[in-house]
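Student: Take this structure, written in structure tokens, and hold onto it; I'll ask about it next.
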Amino acid sequence: MFDGFWDNVFRYPRYFITVLLGVFLNTFAPLVPLLKRPITLIALLGLFLSSLVFVTLTLRAMLGLSTI
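First residue of the sequence shown: 68, per this note's numbering; consecutive thereafter.
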């Protein structure tokens, strides 16, 4: 009954990594042509950094980690 149980259990991390890598590649593949132009690269980096700062400050304020 449990002949291949542990084999199946150990396959799940590999499946998870494969799915995560596929989602990552399909999400960022359309952005690669945009990164070839310096203006667009700077704009995308600015957008990424500003959204990261926004999420960080919002979570810190929501969790009460600092006084803002």
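Where a beta carbon is used, it is the ideal one built from N, C-alpha and C, also for glycine.
So which of 120, 72, 115 has the shortest CA-CA distance to residue 98?
Tutor: For the purposes of this step, residue 98 is taken as the residue at position 31 of the sequence shown. Nearest C-alpha to residue 98: 115.
Student: Please determine, among 90, 111, 120, the residue with the shortest C-alpha to C-alpha distance to residue 100.
Tutor: For the purposes of this step, residue 100 is taken as residue 33 along the sequence shown, with counting starting at 1. Checked all of 90, 111, 120; the closest Cα to residue 100 is 111.
Student: May I ask you to report which of helix, strand or coil DSSP gives residue 71?
Tutor: In the sequence shown, the residue the question calls residue 71 occupies position 4. Coil.
Student: Hey, residue 127 and residue 133: beta-carbon distance below 7 Å or not?
Tutor: In the sequence shown, residue 127 corresponds to position 60, counting from 1. In the sequence shown, residue 133 corresponds to position 66, counting from 1. Result yes, Cβ atoms of residue 127 and residue 133 sit closer than 7 Å.
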